[in-house]
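Trainee: Quick one: the structure is below, questions incoming.
There are 2 protein chains.
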Amino acid sequence: MALIIQKYGGSSVASLELIRQVAKRAIETKNQGHQVVVVLSAMKGETDRLLAMAAEMAAGPEAREVDQLIATGEQVAVALFALACQAFGEKAKSFTGFQAGIQTDETHQKARITAIEPGRIKTELAKGRVVAVAGFQGLTPGRDISTLGRGGSDTTAVALAVALGADTCEIYTDVDGIYTTDPHICEKARKMDRISFEEMLELSSLGAKVMEIRSVEFAMNYNVNIHVRHAHQAGRGTLICEEDIEMEKKPVTGVACSKNEARITLLKVADRPGMAAKILGIVSASGIVVDMIIQNQSAEVDPASGRAHTDFSFTVPLSDYAKAMELMEGTAGEIGAERIIGTDNIAKISLVGVGMRNHAGVATQMFQTLAREGINISLISTSEIKISCVIEKKYTELAVRALHEAFGLGDLPDTEE
Amino acid sequence: MALIIQKYGGSSVASLELIRQVAKRAIETKNQGHQVVVVLSAMKGETDRLLAMAAEMAAGPEAREVDQLIATGEQVAVALFALACQAFGEKAKSFTGFQAGIQTDETHQKARITAIEPGRIKTELAKGRVVAVAGFQGLTPGRDISTLGRGGSDTTAVALAVALGADTCEIYTDVDGIYTTDPHICEKARKMDRISFEEMLELSSLGAKVMEIRSVEFAMNYNVNIHVRHAHQAGRGTLICEEDIEMEKKPVTGVACSKNEARITLLKVADRPGMAAKILGIVSASGIVVDMIIQNQSAEVDPASGRAHTDFSFTVPLSDYAKAMELMEGTAGEIGAERIIGTDNIAKISLVGVGMRNHAGVATQMFQTLAREGINISLISTSEIKISCVIEKKYTELAVRALHEAFGLGDLPDTEE
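For the protein sequence lines, the chains are W and S, in the order given. Taking our numbering, the leading residue of the first sequence gets 81, the next gets one more, and so forth. Taking our numbering, the leading residue of the second sequence gets 81, the next gets one more, and so forth.
Shown next as C-alpha cells:
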C-alpha cells in the first residue's frame, strides 16, 4: 500500500463532469490498494471571477480580504469532489487549508507554508477515506486565511507529500508531461520520461508553465519525486527527481522561451563602485522584479571627463516595463547615464541541462546556431545549467526550432527507468 | 457609544452596488459614534446556485460536504463588504464563522449555536474597525464547517448580540417592518411599531417570512430587542421586544396565512389509548413534521363491535403530503381506520395576539366573521395567544381581509413608544 498525493489544476476540475472524472481516477487509485490524498485548485475561471469582483470593489484591494474571498474557490472544488465520490459510493472527506492543518506565514496572497499538522488527514486515511484538500491556501498564526499565490496548489501538494511521507506526488495537468520545448512552437518537441529538479527549476523560471517554481524548490529540498501526468489520459508522464548519472550524458535537456520581458539599457553609465546597486535599488524599491542583469566592463574612457563608463542592461516583466522606464528616466541624471533606451520587442531563449556543466561547447554551439539563422543576440546570461539569450521577438519560434534541432532534442532517446 | 449589530439578508447584498450601499450604511452608523458588527447572508441566488451543484453531483448529498460548499457564499459576501469599506476609506475586517468564534453542535445544515468566543471581534472593534461576520455558519467541535439552516443569519446576528452584549440588533430586510398581515393580500395592512417576542414567534411559525423563528426564540430567551428595518430606506421599522402592558390592550395583533399545508383525516379510528401516538409515530419516524393535530372525542359506539371510535386529523407540509398519505394508507389496517381522506386544497388562517389571553370573545368573533363570508372551517387549533382555522384554499385572501377588518387592525393606532 502506497500513500499517493494527486494534485489537479483548475482546468482539470473546470466542470462538474470533469470533477466526476477526477473523483473516478482517485477512487481507482484507492481501489488498487493505496491511500489517496487529492489536492484541488479552484474550478477554472473561478479565481479570476472572484479577483475581478475584488478589483471592482476597491482599488488595490487589501490582500487579507482578497485571500478571504478567493480561498472560497478551492473550498467549493473539494466539497464538490467529495460529493462526486459519494455518488460513486465512495467515502471521501474534504478539508479547507486550515482543516488540513496547513500553517503559513502572514504574507497574504503569496504566503509560505511554515508547517503542516496532518493529524486529521491521517485519521481519515486510516478510516479508509479519500481525502480532498483545498490547494493554494492555509491559515496564518493570527487565524486569517492566506493564499500561496498563483500555482500554489502545486506547493500544497508537495508540502503534503513531505508532511505525510507520501510515496508519490502526482501533479495532474492538461498536458501529459514535461517537453523538451513548447510543442506549440516546435512539432518535434518530445515528452521527457524524467528531468532533474534543477533543470525543472530553470525551465519553470524560464517560462515553462507546467510546474510552479516554488513547489519544485520544495520538492528538491525534501527530495520528493513529482510525477507530472495528464489529468484525463492514461499513461506515464514525466518524473521530476534527483539528478542521476544517466542524465548527465545529455548536455541540453530543454529549450525554453519567454516573450514576457522587456529590456532597458543605460548607456555610458559612470563606471564607479555602487552604481549597479543604485540602479537596481531604484527598480526593486518599487516592487519590480529584475530578471537578467548585464554589465560590460568597458575600457573606454570619456576623453572629456577622463572617467571610465559602461553600458548597463537589465530585463523586467513586460507588465512593469512602462513603470521601469519612467523610473530610469526620472533618475538618469542622478545615475549619470548618458541615455536610456528600452524595448519590449525581445524574447528570451534558454537552454537548460545539468549535462551542460561538463560540456564546454554548449554556449558556442548555441551562438553558432543562432548566427546561422541570422539571429542577432542582444544579451547573454548564463548559470551553471542554463544559457539565456535575448533576441528580437520575431525570431522566437525560429530560434526554438533551430536549437531543438541542433541539440538533437527531438531524436535523442530519453533515459529510461 | 452603543454597540450595534446590523444583519443584512441576501437580497440586500445581491450585487456589488448593493454591498456598497450596505457598507455605506454601516460606516454612517459608526460615524455617529457607535461600534458596528455587520452580519451578512450570501449574495441572493448564491446559496441556491451552490445547492444546485451539490444536488447535481450526488443524490442526497452528504450534509457535511454541503455545508463546506455553501458556507463559501457568506464568506464571499463579508470579504466583498470589507473591500467596499476600504473603498470608502474605512477600515473593516471580515470573519468567517470560525474566525468569529461561533461554535455549533454537529448537526450539519441545521446546526445550533452552542457558544460564541467573541475575542477577535472585540479586539477589532476596540481598534475602531467595522467588523463583518459571515452569517449562517459556525464550526463544530470536530472543526468542521456547519450551517444553521435557512434564515440562520438572523440567528447569528441575535447570538452575536447576546455574546457581545450589544445595545441593539438590527435586522435589515427588503420590507420596512412587521405588518398586521401580508400587505400583498390586504392593502389595509399596517406596519407595527412594536410586537412582542411571543407574537412574533407565532407569526413566524404561521407563515410570516420576515424573521426566522429560531432567532426570535433566541432573542426572547436572552431578551435582546430586535429592530426590523428596510435595508435601503431610512425610517424606523418594527421593534420586537418583551411584552408590555400597553400591548395587552389589543386582543389581536396580526393575521397570518399559509397555503403550504395539506390535511389528512383518518375516519372512524378505534378510540383506544395509544392510538394517536401510533399514528404520529409512523409519520414522524419518516421525518415528516406534523403541524396541527385534532382529535374529536366521539360518544358514538359502533353497534357491530361495541367499540367507540373517533376521527383523527392532522396537517403536514405540502411537500410531504404524498408521502404521508402513502404511509397512512399502508398502515390503515394496523391503525384500525375505516377510511383515510386527504386534501391539499386548504389554507391555514391564524390570529395572533398576546391580548387574546384576556379576551374570551376572540375565537367567537373569528368564527362569526368567517361564517358571515360563507367560509366553512374544517379544523380549529388554538394556543394561548393564537387561533388557527383550516379553510378551503380559495377563500384565503377573503378570510385575511375580513379578519383584518373585523379586528380593526388597519385602524387601530399601534402602541407608541
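Ideal Cβ positions, reconstructed from N, Cα and C, are used throughout, including at glycine.
Taking the alpha-carbon of Phe277/W as reference, which of Glu322/W, Val255/W and Ser121/W has the nearest alpha-carbon?
Mentor: With distances taken between Cα atoms, Phe277/W lies closest to Glu322/W.
Trainee: Note down, in chain order, all residues in the region 187 to 208 of chain W with a beta-carbon under 8 Å from any beta-carbon belonging to chain B.
Mentor: No chain B is part of this structure, whose protein chains are labelled W and S.
Trainee: Does the separation of the CB atoms of Ser393/S and Ile374/S fall below 7 Å?
Mentor: Yes. Within cutoff.
Trainee: Using the three-state DSSP reduction, which class does Cys337/W fall into: helix, strand or coil?
Mentor: Strand.
Trainee: Mind checking which residues open and close the alpha helix (DSSP H) that includes Gln112/S?
Mentor: Careful: Gln112/S lies outside any alpha helix (DSSP H) and carries neither H nor E.
Trainee: I want to see whether chain S comes within less than 7 Å of Gln148/W, judged by CB atoms only; does it?
Mentor: Interface residue, yes.
Trainee: Considering only DSSP beta bridges, list what Ser508/W is partnered with.
Mentor: Given that chain W is displayed from residue 81 to residue 497, the structure contains no residue 508/W and the question cannot be resolved.
Trainee: Express the C-alpha separation of Ile368/S and Phe298/W in angstroms, rounding to a whole number.
Mentor: Those two C-alpha atoms are separated by around 54 Å.
Trainee: Output, in sequence order along the chain, the residues in the region 124 to 142 of chain W whose CB is closer than 8 Å to any CB in chain S.
Mentor: Cβ contacts with chain S come from Leu130, Met133, Ala134, Glu136, Met137, Ala138, Ala139, Pro141 and Glu142.
Trainee: Taking the straight line between their C-alpha atoms, what separation do you get for Gly153/S and Thr109/S?
Mentor: Cα to Cα, the separation comes out at about 25 Å.
Trainee: What did DSSP end up calling Ala246/S once you bin it into helix, strand or coil?
Mentor: Correct three-state label for Ala246/S: coil.
Trainee: By the DSSP assignment, the alpha helix (DSSP H) with Gln148/S in it spans what residues?
Mentor: From DSSP, the alpha helix (DSSP H) with Gln148/S extends over Ala143 to Ala167.
Trainee: In or out: Pro353/W buried (at least 16 other Cβ within 10 Å) or exposed?
Mentor: Pro353/W comes out exposed.
Trainee: On the DSSP bridge assignment, give the partners of Glu126/W in chain order.
Mentor: Per DSSP, none; premise fails for Glu126/W.
Trainee: Can you pull the chain S neighbours of Leu163/W, defined as C-beta to C-beta under 8 Å?
Mentor: Residues of chain S passing the Cβ test: Ala134, Met137, Ala138, Pro141, Glu142, Glu145, Val146 and Leu149.
Trainee: Using the Cα positions of Glu406/S and Ile362/S, report the straight-line distance between them to the nearest angstrom.
Mentor: Whole-angstrom Cα-Cα distance: 11 Å.
Trainee: Indicate the three-state DSSP secondary structure (helix, strand or coil) for Asp400/W in the structure shown.
Mentor: In the structure shown, Asp400/W sits in a helix (DSSP, three-state: H, G or I).
Trainee: Could you name the residues that DSSP lists as bridge partners for Ile225/W?
Mentor: The partner list for Ile225/W (beta bridge, DSSP) reads Leu219/W.
Trainee: Using CA coordinates, which residue listed in Ser91/W, Val242/W, Pro263/W and Leu163/W is at the minimum distance from Ile182/W?
Mentor: The shortest C-alpha separation from Ile182/W is found at Val242/W.
Trainee: Would you call the CB atoms of Leu130/S and Val93/S closer than 7 Å?
Mentor: Their beta carbons are not under 7 Å apart, which means Leu130/S does not touch Val93/S by this criterion.
Trainee: By how many angstroms is the C-alpha of Thr261/S removed from the C-alpha of Gln313/S?
Mentor: Approximately 21 Å, taken between the alpha carbons.
Trainee: Are Ala159/W and Leu149/S touching if we call contact CB-CB under 7 Å?
Mentor: Yes. Within cutoff.
Trainee: Alpha carbon to alpha carbon, what distance is there between Gly490/W and His484/W?
Mentor: Roughly 7 Å between the two C-alpha positions.
Trainee: Note down, in chain order, each residue of its chain lying with its Cβ closer than 7 Å to the Cβ of Leu98/W, except the 5 sequence neighbours on either side.
Mentor: Around Leu98/W: Ser92.
Trainee: Please classify Glu267/S: is it buried, with 16 or more other beta-carbons within 10 angstroms of its beta-carbon, or exposed?
Mentor: With fewer than 16 Cβ atoms within 10 Å of its Cβ, Glu267/S is classed as exposed.
Trainee: When the distance is taken between beta carbons, is Ile415/S closer than 7 Å to Ile359/S?
Mentor: Contact flag set, yes.
Trainee: Quickly, what does DSSP pair Leu459/W with across the bridge? List them, please.
Mentor: In the DSSP output, where bridge partners are listed per residue, Leu459/W has Val470/W.
Trainee: Can you give me the Cβ contacts of Ser468/W inside the same chain, cut-off strictly under 6 Å, excluding the 5 residues immediately before and after it?
Mentor: Taken in chain order, the residues that qualify are Lys428, Ser430 and Ser461.
Trainee: Chain W beta carbons: is any one of them nearer than 7 Å to that of Leu160/S?
Mentor: Cβ-Cβ to chain W under 7 Å: yes for Leu160/S.
Trainee: Could you check how far apart the C-beta atoms of Val102/S and Phe161/S are, in whole angstroms? I think they sit under 8 Å.
Mentor: Indeed they touch by this definition, with Cβ atoms about 7 Å apart.
Trainee: Out of Gly410/S, Gly90/S and Ala172/S, point me to the one whose CA is closest to Leu346/S's CA.
Mentor: Answer by Cα proximity: Gly410/S.
Trainee: How many angstroms separate the CA atom of Ile320/S from the CA atom of His264/S?
Mentor: Cα to Cα, Ile320/S sits roughly 22 Å from His264/S.
Trainee: Taking buried to mean at least 16 other C-beta atoms within 10 Å of its own C-beta, is Pro198/W buried or exposed?
Mentor: With 16 or more other Cβ atoms within 10 Å, it is buried.
Trainee: So, at 7 Å on beta carbons, what are the nonlocal neighbours of Gly317/W in its own chain, with the 5 sequence-adjacent residues on each side left out?
Mentor: Within the same chain, Gly317/W has close Cβ partners Asp256, Gly257, His307, Val308, Arg309 and His310.
Trainee: At which residues does the alpha helix (DSSP H) containing Thr518/W begin and terminate?
Mentor: No answer is possible for residue 518/W: the residues shown for chain W start at 81 and end at 497.
Trainee: Ile293/S to Asp324/S, Cα distance in whole Å?
Mentor: The straight-line gap from Cα to Cα measures roughly 21 Å.
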